[in-house]
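Just below is one structure, and these are the notes that go with it.
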Amino acid sequence: MEFQHYTSQNASAWNEIAEIRHKSTQPASYYSEGHTSLDTRLVAAAGELNGISVLQLQCSTGEETLSWAILGAKATGVDISERQIEFGREKAAEAGVEASFVVADVLDLPAKISNGSFDIVHTGGGSIAWLPDLDRWAASVASSLRPGGRLL
């Protein structure tokens, strides 16, 4: 992979700051009480979420992934940082929210993600700035979406 060095450096950096980022977010109790961290405009654009599958790319410590699940979606979060994914899984378990978390590079998603089964792919603000190849990112998004699916 041509970006392997960049990718490993990026993963290391995010692993190093994972705890600091995690401490700056809402606790599990916030989510167990049914609160979300998603902007209301984004939720409105998504529409009805019951039974909808949402893939959250570059999910960090998982707060938006948990939010999608709270709103009724079958939510999966992906991040390059193993440590941030661990925090997401821990927070989901503590909050009692069912969500899946996968450690992966968004430029090289595993087959279980890039199988064209997601209704919505979401990536948060500022996350594309970390990507060295937007064409490959767009191909990853496209390979994850079902026909008629949407990128938010």
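Going letter by letter, the sequence shown gives residues 0 to 151 in numbering that gives the first Met the number 0.
We treat Cβ as the ideally placed atom computed from N, Cα and C, and that holds for glycine.
Enclosing beta strand (DSSP E) for residue i [first to last residue]
i, result
"SER52", "52-56"
Own chain, CB closer than 6 Å to residue i, minus 5 neighbours either side, in chain order
i, result
"SER52", "LYS73, PHE117, ASP118"
"GLN115", "Per the sequence shown, residue 115 should be read as Gly rather than Gln. Within the same chain, GLY115 has close Cβ partners ARG145."
"VAL140", "VAL120, LEU150"
Distance, residue j Cα to residue i Cα
i, j, result
"ALA27", "GLU18", "15 Å"
"VAL120", "GLU47", "15 Å"
"VAL105", "ALA137", "10 Å"
"THR60", "ARG40", "22 Å"
"LEU130", "HIS34", "30 Å"
Cβ neighbours of residue i in the same chain (closer than 7 Å, five flanking residues each side left out)
i, result
"LEU65", "TYR30, LYS90, ALA91, ALA94, VAL96, ALA98"
"ALA68", "ALA74, VAL96, GLU97, ALA98"
"ASN49", "GLY71"
N-terminal and C-terminal residue of the alpha helix (DSSP H) that residue i is part of
i, result
"LEU157", "Lying outside 0 to 151, the shown extent of the chain, residue 157 is not represented and no answer is given."
"ALA128", "Where ALA128 is concerned, there is no enclosing alpha helix (DSSP H), given that its DSSP letter is neither H nor E."
Exercise. Between the segment 91-100 and the segment 124-132, do three or more beta carbon pairs fall short of 8 Å?
Worked result: no
Problem set entry | Inside the segment 56-121 only - beta strand (DSSP E) runs reaching at least 3 residues | 73-78, 99-102
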